[in-house]
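If you use my numbering, the sequence shown corresponds to residues 1481 to 2000, in order. Okay, so here's the structure we're looking at.
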Amino acid sequence: SGESGAGKTESTKLLLQHIMNLCKGNSQLEQRILQVNPLLEAFGNAQTVMNDNSSRFGKYIQLRFQKNTVQGAKLSEYLLEKSRVVQQDTGERNFHIFYYMFAGLSSEQKEMYGLLDPSLYRYISGRFGTQEVAEHWKHKYQEVCNALDMVGFQEQEQVDMQAILAGVLSLGNVSFEPEESDGSVKVSEASQGWLKAAAVDVLRQLVCCVPCSPVSPSVSCCCCLCADARDSIAKVAYGRVFGWIVCKINELLAENVDPEVELREIGILDIFGFENFTVNRFEQLCINLANEQLQHFFNHHIFQLEQAAYKEEGLPWETIAFNNNEPVLNLLLAKPLGLLSLLDEQSAFPQATDKTFVDKLNSSFKGNLHFQPARGHVLGFSIVHYAGKVQYAARGFLEKNRDTLPANVRGLFISSVTPLLSVLFTGKSLCTSIMSQGPPWHELSVGMRLHHSLMVLMERMYSANPHFVRCIKPNSQKEPGVLDNQVVLLQLRYNGLLETIRIRRDGFSWRPSFEEFAER
């Protein structure tokens, strides 16, 4: 754990290499486990203000062992930040894979996929930079292609996948205008070419059937609805491709042993770090909630269990106070009046708006020390997290939490002539869902999915013997070799590491069994 840019993903890669090295084996499986990383990073990571290679999803890697040899591995992914596909803030980029494609595809391939100059695309932000950067991306694209081959993607699947990604980019340039004769909305003349370039057949049909309310108060509002539907199609298509890649990786890495054989397991959790940007949205709330939950687990393990053991054994001990973040978790997760429950309640009302949601929060959490209403006419609120106060902009909260795709749109995907799209939306191949029962995953709100995922994750954590790797960010400028004392001290404080050092120093860190003690 650690904040964004502290080095979690790099530490995870080193830890994996170390474990594989300890196995002393050099089996094909061990090599594959190490080689899926470029694939996950290309599709799941992006440049942010805080980190040039920021994980925009959480991952839990389960390594399964028999007699100190790796027999299989499984990857669970959490909460991919799909909104990045259609919008990035200043100084940020879309997912790496889009830039790698532009740098790595030949002119003929670009023509086949209908790709033009990257500066023309609304979904792609950030200048392409120097020739050196382009060369680096070209090299990365080759790494991705090698990983796709190694994971076992068929050539046609790879072509379809890149056609979908290119189609998503072209789709983003489709705009809408009113039809003069009857006041309805149509694809603008200027963007007909982009619609044609969204070469994947279904993406073209989709825009023609996006739901547009006939009783819409204004044509401009109707154009916005169409643009929203266009963006939600792009996000869903990308999210499904990512889920499919994870699924294929799991098929490749699954253990092939007798089910009767008991396997031991090491799990590694590498989850997105705590974030506090100039503008914080729904995605930041979800990320920070996950970090809040992990901090609570750390506190429980290090402080509560440790001190309870001293008490039980009757050791002389003065209780060490620690910053318990349970009240923040209750504010976010309690039922029926926690923030996520209120968000779901509002999301279920068609008439509700982001403003009614904020009003509901202000009245429900009045006087709560961890909640602060926004001042003036700002549509937002602040939460005092374990790592500090974060101000959230509430615009888009309801829409992002609903994350809906109209039924007729889903039907079009399923009947697509692009085989991969049809597979992605029938759901038969998507085995990444960690819901084993209850309503279909896509019918739940994003908040509910996150809550459920965190519950499953915490169950795994509490049943295991955890080791905590705390990553500390040395400075906020992304500079090597620079250690900013204040930046480091702040992290040591909010992570509870100063209290941890105290409990380790004053506590009883060596705990032999009686046999070990007598033997010694």
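For every residue, glycine included, the Cβ atom is placed at its ideal position computed from N, Cα and C.
query	result
Rounded distance between the beta-carbons of Gly1747 and Asp1540, thought under 8 Å	Inspection of the sequence shows that residue 1540 is occupied by Tyr rather than by Asp. The pair is a contact, with the Cβ atoms about 6 Å apart (cut-off 8 Å).
DSSP state of Leu1924 mapped onto helix, strand, coil	coil
Beta-carbon gap between Ala1801 and Tyr1974 smaller than 8 Å	no
Chain-order list of residues whose beta-carbon lies under 7 Å from that of Gln1990 (same chain, five-residue window excluded)	According to the sequence as given, residue 1990 is Trp; it is not Gln. Closer than 7 Å at the Cβ level, and outside the excluded window around Trp1990, lies no residue.
Start-to-end residues for the beta strand (DSSP E) that takes in Phe1656	1656-1658
Beta-carbon proximity check, Val1565 vs Val1667, cutoff 8 Å	no
At least three beta-carbon pairs within less than 8 Å, the stretch 1525-1535 to the stretch 1568-1583	yes
Spatial neighbours of Asn1805 in its chain, beta-carbon cut-off 8 Å, leaving aside the 5 residues before and after	Glu1772, Gln1775, His1776, Asn1779, His1865, Tyr1866
Contact under 8 Å by Cβ, Leu1811 with Lys1835	no
Separation of Ala1583 from Ala1627, as counted between CA atoms	17 Å
Close Cβ partners of Thr1489 (< 8 Å) along its chain, the five nearest in sequence each way excluded	Glu1521, Asn1525, Asn1533, Ser1535, Asp1750
Beta bridge counterpart(s) of Tyr1872 as assigned by DSSP	Asn1760, Phe1861
Segment contact flag, the stretch 1599-1609 with the stretch 1648-1662, C-beta cutoff 8 Å, min 3 pairs	yes
Ile1725 beta carbon less than 8 Å from that of Phe1988	no
Glu1612, buried or exposed, once every other Cβ within 10 Å from all chains shown has been counted against 16	exposed
Three-state secondary structure (DSSP) of Phe1837	helix
Cβ pair Val1631, Ile1713 closer than 8 Å	no
Inter-residue Cα distance where the pair is Ile1782 and Glu1979	10 Å
Cβ shell of Ser1844 (< 8 Å), same chain only, five flanking positions each side left out	Leu1817, Leu1822
Identified DSSP bridge partners for Asp1750	Lys1539
Beta-carbon contacts of Asn1881 that lie in its chain and below 8 Å, excluding the five residues immediately before and after	Phe1762, Leu1823, Asp1824, Ser1827, Ser1925, Val1926, Gly1927
When Arg1940, Leu1904, Phe1837, Lys1504 are compared against Phe1722, the one with the closest alpha-carbon	Leu1904
Nearest neighbour of Leu1813, chosen from Lys1791, Leu1769, Gln1497, Ala1854 [CA to CA]	Leu1769
Spatially closest choice to Cys1704 from Arg1929, Leu1733, Ser1655, by CA coordinates	Ser1655
Terminal residues of the alpha helix (DSSP H) in which Pro1807 lies	1806-1813
Short Cβ contact (8 Å threshold) for Leu1732 with Arg1544	no
Contacting residues, own chain, Cβ-Cβ under 8 Å from Phe1575 (five flanking each side not counted)	Ala1522, Phe1523, Gly1524, Asn1525, Ala1526, Arg1536, Arg1564, Val1565, Tyr1718
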